[in-house]
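What follows is a single structure, written as structure tokens, with notes after it.
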Amino acid sequence: MKLFTGTPLSQFAPAQPQPVVAATSAPRVVLALPEPPSRVRLMPVMRLAAGGRWRVEAMRALSEPLLLWFTRGQGRITLGGSTRGYGTHNAIFIPAGVMHSFDLAPQSHGTALFFGAGTDVALPPSAQHLRIREAGPQAELSGILDQIQRELDSARPGAERAAQHHLGLLSVWLERQIAAQADEPRAIPAARRLAARFTALLERDFRSGHGVADYAAELGVTPTHLTRACREACGRTASDLLQDRRLYEARRLLAETRAPVKAISEGLGFASPAYFTRAFHARIGKTPSAFRKGV
46 MKLFTGTPLS
56 QFAPAQPQPV
66 VAATSAPRVV
76 LALPEPPSRV
86 RLMPVMRLAA
96 GGRWRVEAMR
106 ALSEPLLLWF
116 TRGQGRITLG
126 GSTRGYGTHN
136 AIFIPAGVMH
146 SFDLAPQSHG
156 TALFFGAGTD
166 VALPPSAQHL
176 RIREAGPQAE
186 LSGILDQIQR
196 ELDSARPGAE
206 RAAQHHLGLL
216 SVWLERQIAA
226 QADEPRAIPA
236 ARRLAARFTA
246 LLERDFRSGH
256 GVADYAAELG
266 VTPTHLTRAC
276 REACGRTASD
286 LLQDRRLYEA
296 RRLLAETRAP
306 VKAISEGLGF
316 ASPAYFTRAF
326 HARIGKTPSA
336 FRKGV
């Protein structure tokens, strides 16, 4: 029997993120970001913005699966190229490598569960946005997350193994909720399908220096059509999504590594350090060097 047969939000899972390589004629410099821990972690959703709201509001992808469980508040989330609202008792599963961003309003509360790099828990292969309307499943998910946290905080023998068993129950919970919502209308408009394909390619190649025209050609459409589809699916242009993804990575490299600005510029495919600095300043309001000093 095939697991997780519910219709996905994004049917196009991109390749796993790779280290940034500065494209210079000198010996190649790999600008490697810190790898995520291989263990499971839980934290309040508000802590995701520690170090700057750009960490949740800019387009990015993770190299480990993530579950967001919102218990209060509302906002908008862009997932797999499509933007929609989220609210109280929404569970959002994001596989590794899927681009996403979301608003984090001050009144938002909930839990973020990181499964760890290389997790062997059976999880949905594609992104899922589940609106949990019944009290029973709401309490069940909150209880599973509480049990996982309790075991992770425990010094008792077998705590790590117990946490893994609770993750297995979470996997079953996801499977059942996906199946329960499978009968709801899920027709995906053509614009959303194209935006999903674009964001998958973008996550794979955003360091290449390719422009919107290059992505449009690979997708077999015109740049105008691609931009129109992105506007319809998420309210943003294709160029904006591309720039947002590149500059999120730039901010992470500036904040979490000592790589020179020139190497970051080259590694992310900018035509020159000067162009990178202008693009960064226009969007962020600071030069790369000033941003690094402020973090």
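For reference, each letter of the sequence shown is one residue, going 46 to 340 in the numbering used here.
In this text, a Cβ means the ideal position worked out from N, Cα and C, and glycines have one as well.
Problem set entry | Buried/exposed call for arginine 290, threshold 16 Cβ in 10 Å | On the sequence shown, residue 290 is found 245 positions in, with the first residue counted as 1. With 16 or more Cβ atoms within 10 Å of its Cβ, arginine 290 is classed as buried.
Exercise. For the alpha helix (DSSP H) that leucine 271 lies in, which residues bound it at each end?
Worked result: Locating residue 271 in the sequence shown gives position 226, where the first residue counts as 1. Its alpha helix (DSSP H) spans residues 268 to 279.
Exercise. Taking the alpha-carbon positions, what's the proline 169 to isoleucine 137 distance?
Worked result: Taking the first residue of the sequence shown as 1, we reach residue 169 at position 124. Taking the first residue of the sequence shown as 1, we reach residue 137 at position 92. Approximately 11 Å, taken between the alpha carbons.
Exercise. Is it right to say histidine 210 is buried, meaning 16 or more other beta carbons lie within 10 angstroms of its own, or is it exposed?
Worked result: Taking the first residue of the sequence shown as 1, we reach residue 210 at position 165. Its Cβ having fewer than 16 others within 10 Å, histidine 210 is exposed.
Exercise. Ordered along the chain, which non-local residues of its own chain (more than five positions away) have a Cβ less than 7 Å from that of aspartate 165?
Worked result: For this step, residue 165 is matched to residue 120 along the sequence shown. Cβ neighbours of aspartate 165 beyond the five flanking positions: none.
Exercise. Does the beta-carbon distance from arginine 237 to glycine 126 come in below 8 Å?
Worked result: Walking along the sequence shown from the start, residue 237 turns up at place 192. Walking along the sequence shown from the start, residue 126 turns up at place 81. Yes. Within cutoff.
For this session: Could you tell me which of Arg273, Gly256, Ile223, Ala141 sits nearest to alanine 316, measuring between CA atoms?
Result: Here residue 316 refers to the residue found at position 271 when the sequence shown is read from its first residue. It is Gly256 whose Cα lies nearest to the Cα of alanine 316.
Exercise. If alanine 283 sits next to tyrosine 320, beta carbons under 8 Å apart, how far is it from one beta carbon to the other, in whole angstroms?
Worked result: Within the sequence shown, residue 283 is the residue found at index 238, counting from 1. Within the sequence shown, residue 320 is the residue found at index 275, counting from 1. About 19 Å separates the two Cβ atoms, so there is no contact after all.
Problem set entry | Status (buried if at least 16 other CB within 10 Å, exposed otherwise) for threonine 123 | The count along the sequence shown starts at 1 and reaches residue 123 at position 78. It counts as buried.
Problem set entry | Close beta carbons around histidine 134, own chain, < 6 Å, minus the five adjacent residues each side | Taking the first residue of the sequence shown as 1, we reach residue 134 at position 89. Correct list, in chain order: Ile177, Gln183.
For this session: Within 10 angstroms of the Cβ of serine 70, are there 16 or more other Cβ atoms? Answer buried if so, exposed if not.
Result: In the sequence shown, residue 70 corresponds to position 25, counting from 1. Residue confidence is low: serine 70 scores 42 on pLDDT, short of 50, so the model does not pin down where it sits. Its coordinate-derived value is still stated next. Serine 70 comes out exposed.
For this session: Let me know the secondary structure DSSP gives serine 310 once reduced to three states.
Result: As a working mapping, residue 310 is identified with position 265 in the sequence shown. It is helical.
Exercise. By how many angstroms is the C-alpha of aspartate 250 removed from the C-alpha of methionine 144?
Worked result: Here residue 144 refers to the residue found at position 99 of the sequence shown. Here residue 250 refers to the residue found at position 205 of the sequence shown. Going by the C-alpha atoms only, they are around 12 Å apart.
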